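Peer 1: Structure incoming, see below.
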Amino acid sequence: MSKTPDSGKAEDDRPSTVEQYLVKDPERFALNLARMIEQAGKAASAWAEPREKGEVRDHVAEPVVDMVKTFSKLSEYWLSDPQRALEAQTRLFSGYMTVWANSIQRLSDGGEDAEDAVKPEPGDKRFQDPEWGRNAFFDFLKQAYLVTSRWANELVEHADGLDEHTRHKAGFYVKQVSNAISPSNFILTNPELFRETIASNGENLVRGMKMLAEDIAAGKGDLKLRQADYSSFEIGKNLATTPGKVVGRSDVAEILQYDPATETVLKRPLLICPPWINKFYILDLNPQKSFIRWAVEQGHTVFVISWINPDERHGTKSWEAYIREGLQYGLDTIEKATGEQDVNAVGYCVGGTLLAAALALLAQEGDHRIKSATFFTTQVDFTHAGDLKVFVDEEQVAAVEKAMNEKGYLDGTKMATAFNMLRSGDLIWPYVVNNYMRGKDPLPFDLLYWNADSTRMAAANHSFYLRNCYLENRLSQGEMELAGRVVSLKDVTIPVYNLASKEDHIAPALSVFLGSKYFGGEVDYVLAGSGHIAGVVNPPAAQKYHYWTGGKPTGDFNEWLAKATNHPGSWWPHWQRWIEARDDTRVPARKPGKHMKTLGDAPGTYVKVRV
């Protein structure tokens, strides 16, 4: 008899043997341990040397202090009521007793009928090896860990006396600690790692430590975790390959125009304003996944803003500068390239927030060239903003500003680490185990190459965004000041297509829904399946996920969703119909460079600058 898969036990009934965990060649194993220690010395030097030279300044104290303060508030809540504290301790003790009883039963009679104290969550890939259920030692470690981590999460969930932000941060920190101490992350407590180490006589440790030294050196003293085989990709070769030209260049942006793929095109050009956190080619990963290529094939004359990867020269570039020298410069370039003033605009994530603010400003200034706006997973109201809020309060923002003011920008690695920590169980620890303990190169994966291709944040622009949006929520309240004006989204009266993703943890569907009410014109809210990236980058040919339509986003979000119509597949064709319903006039196709000099081939030069 065997445990069922959902209990975390394996169906493989072969007995666990001690022999597979015994060193077969002690001499070779010892030699490899010596080689590993040598590589560890190189890793330590790669970390220490930039610090000795003053090239790297650590800012570790701030997040550690914040974590300690947050946990102190959580502890204070539970310990302030003796009865509440006793009940919490009793739950943990009861869980441990169940684990202990199961372990005793397994050792005495095989434990065929023993139920796990806690089962792994569906989709948890850490405990798939048969030994996690077959071997009493590893099964004990797994269950004890799951009981502890589940109990810690419940402490946060039931801490009703904490304010929302503190509880959100406490949950984040608990998740980080829980993911870090998982027995799956250590050689002696992970049966698969243990076996691989024994079978290879420690060769995996030598390879892993060598990779660790290389990654610290690549990060110039900080760990630059490899999530993909980066050598398999090159921007312009097998990423961002939709043909086109650079038709404009400012201090903060290049404007790309793509070659037409149809004899006639929609009269209104399409301007895409992507986020400057990461790079625009998430919309042009490859021909099969490319929204840009697909839009060209539908008859759009597509222009894209490719943001600069800023350095110390751009420290004073403000939010307004990104509007003037990015978005508005894009509109000017389109007019020169095509002769058209009327434009459809798309904004993605923070690029959408910039677009919304720009529309409010341009409306006051009498610039009405943008005739429709599409927002991809964009927040304009940050009351219910996503997981990034754990990094945003006065103390943390002040610390970020202090770090930015030293260089004029926020290091791209800091932003990359922040995003990875939001899903550390998927984006950090599996690669720590694979790279540095198994000693294996990560596989080629275009999405993870893009994820690692981080960008710096210009100090003035990023500070404005954190304070005016996340901290003070000025855009939704009609209090954001730009160019000496107080702008209001009520002045944005053009049609809006507002796309959210159901499982988005960065711009939650509820947050996007509630933000819809601030616009002054027609708003169509559409909800895509999946998350912040996969929900947007979902080509029709993939036949994946689904989306919901329900017209005007009014009332309660759950009520809207209950009445909405569910459609299988991609939302892209629905958006195309929405665009054409507002103006489907066609004109002969426009080639880049017909009316102005081009500055090179797409995807341009700005996108190729790496940190």
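Residue numbers (the working numbering): 5 to 615. Backbone N, C-alpha and C fix where the C-beta goes; we use that ideal spot for every residue, glycine too. No experiment lies behind these values; they were computed from the predicted model shown.
Let me know if Gln-292 comes out buried or exposed under the rule of 16 or more other beta-carbons within 10 Å of its beta-carbon.
Peer 2: The residue labelled residue 292 in the question sits at position 288 within the sequence shown. By the neighbour-count rule (16 or more Cβ atoms within 10 Å), Gln-292 is not buried but exposed.
Peer 1: If I follow the unbroken alpha helix (DSSP H) through Asp-70, where does it start and stop?
Peer 2: Start at 1 with the first residue of the sequence shown, and residue 70 comes out as number 66. Per DSSP, Asp-70 belongs to the alpha helix (DSSP H) from 65-83.
Peer 1: Below 8 angstroms, can you find three or more Cβ-Cβ pairs linking the region 338-348 to the region 596-609?
Peer 2: Because the criterion of three Cβ pairs below 8 angstroms is met, the region 338-348 and the region 596-609 touch.
Peer 1: Report the three-state DSSP secondary structure of Arg-442 (helix, strand or coil).
Peer 2: For this step, residue 442 is matched to residue 438 along the sequence shown. Note: Arg-442 maps to coil in three-state DSSP.
Peer 1: Between which two residues does the beta strand (DSSP E) carrying Gln-261 extend?
Peer 2: Taking the first residue of the sequence shown as position 1, residue 261 is located at position 257. Segment 257-262, the beta strand (DSSP E) holding Gln-261.
Peer 1: Quick one: Cα of Leu-335 to Cα of Ala-217, how far?
Peer 2: Within the sequence shown, residue 335 is the residue found at index 331, counting from 1. Within the sequence shown, residue 217 is the residue found at index 213, counting from 1. One C-alpha to the other measures close to 47 angstroms.
Peer 1: Nearest by alpha-carbon distance to Ser-182: which of Phe-449, Arg-427, Asn-465, Thr-609 is it?
Peer 2: The residue given as residue 182 occupies position 178 in the sequence shown. The option with the nearest alpha carbon to Ser-182 is Arg-427.
Peer 1: On the criterion of 16 or more Cβ atoms from any shown chain inside 10 Å, does Gln-481 qualify as buried, or is it exposed?
Peer 2: If you number the sequence shown from 1, residue 481 lands on position 477. Under this definition Gln-481 is an exposed residue.
Peer 1: Looking at the strands, I want to know which residues DSSP matches up with Leu-275.
Peer 2: Within the sequence shown, residue 275 is the residue found at index 271, counting from 1. In DSSP, Leu-275 forms a bridge with Phe-307, Ala-349.
Peer 1: Would you kindly work out how many angstroms separate the C-alpha atoms of Val-269 and Val-300, rounded to a whole number?
Peer 2: Your numbering for residue 269 matches position 265 in the sequence shown. Your numbering for residue 300 matches position 296 in the sequence shown. Answer to the nearest angstrom: the Cα atoms are 9 angstroms apart.
Peer 1: For a quick check, are the C-beta atoms of Ile-259 and Thr-337 less than 8 angstroms apart?
Peer 2: As a working mapping, residue 259 is identified with position 255 in the sequence shown. As a working mapping, residue 337 is identified with position 333 in the sequence shown. Yes, the pair counts as a contact, with Cβ atoms nearer than the cut-off.
Peer 1: What three-state label does DSSP hand Pro-577 in the structure shown?
Peer 2: Taking the first residue of the sequence shown as position 1, residue 577 is located at position 573. Pro-577: helix per DSSP, three-state reduction.
Peer 1: What are the boundary residues of the beta strand (DSSP E) that includes Met-600?
Peer 2: Looking up residue 600 in the sequence shown gives position 596. Run containing Met-600: none; DSSP gives neither H nor E here.
Peer 1: Decide if Lys-173 is buried, meaning its Cβ has at least 16 other Cβ atoms within 10 Å, or exposed.
Peer 2: Taking the first residue of the sequence shown as position 1, residue 173 is located at position 169. Buried, because 16 or more other Cβ atoms sit within 10 Å of the Cβ of Lys-173.
Peer 1: Pick out the complete alpha helix (DSSP H) segments inside the region 492-535, 4 residues or longer, and give them in chain order.
Peer 2: Within the region 492-535, the complete alpha helix (DSSP H) runs of at least 4 residues are 513-519.
Peer 1: Report yes or no: do the region 207-221 and the region 435-449 share at least 3 C-beta pairs separated by less than 8 angstroms?
Peer 2: The region 207-221 vs the region 435-449: in contact.
Peer 1: From Asn-208 to Thr-201, what distance separates their C-alpha atoms?
Peer 2: Along the sequence shown, read from residue 1 onward, the residue named residue 208 stands at position 204. Along the sequence shown, read from residue 1 onward, the residue named residue 201 stands at position 197. Roughly 6 angstroms separates the two Cα atoms.
Peer 1: Taking 6 angstroms as the limit between beta carbons, can you name the residues of its chain near Asp-288, skipping five residues before and five after?
Peer 2: As a working note, residue 288 is residue 284 in the sequence shown. Same-chain partners within the cutoff: Ala-244, Thr-246, Ser-294, Ile-296.
Peer 1: In whole angstroms, what separates the C-alpha of Ala-50 from that of Gly-225?
Peer 2: Your numbering for residue 50 matches position 46 in the sequence shown. Your numbering for residue 225 matches position 221 in the sequence shown. Between Ala-50 and Gly-225, the C-alpha separation is close to 6 angstroms.
Peer 1: Looking at the structure shown, is His-172 part of a helix, part of a strand, or coil, going by DSSP?
Peer 2: As a first step, residue 172 is located in the sequence shown; it is residue number 168 there, counting from the start. Three-state DSSP puts His-172 in a helix.
Peer 1: Based on Cα-Cα distance, which residue from Ala-420, Gly-539, Val-394, Asp-164 lies nearest to Tyr-177?
Peer 2: Within the sequence shown, numbered from 1, the residue matching residue 177 stands at position 173. Cα-wise, what sits closest to Tyr-177 is Val-394.
Peer 1: Does the region 160-167 come close enough to the region 65-82 to have 3 or more Cβ pairs within less than 8 angstroms?
Peer 2: Taking 8 angstroms as the limit for Cβ pairs, the verdict is that the region 65-82 does touch the region 160-167.
Peer 1: State the CB to CB distance for the pair Glu-316 and Tyr-413, rounded to an integer number of angstroms; the pair is presumed to be in contact (CB under 8 angstroms).
Peer 2: Taking the sequence shown and counting its residues from 1, one reaches residue 316 at position 312. Taking the sequence shown and counting its residues from 1, one reaches residue 413 at position 409. That pair is a contact at about 7 angstroms.
Peer 1: Using a Cβ-based criterion (distance less than 7 angstroms to any ligand heavy atom), does Val-527 qualify as near the ligand HEM?
Peer 2: Here there are no bound small molecules, and the ligand HEM is not part of this structure.
Peer 1: What are the boundary residues of the beta strand (DSSP E) that includes Glu-485?
Peer 2: Position 481 of the sequence shown holds residue 485. 484-486 is the span of the beta strand (DSSP E), which, as asked, contains Glu-485.
Peer 1: Under 8 angstroms, do Val-541 and Asn-502 count as touching if we go by C-beta distance?
Peer 2: Counting from one through the sequence shown, the residue named residue 541 turns up at place 537. Counting from one through the sequence shown, the residue named residue 502 turns up at place 498. Contact flag unset, no.
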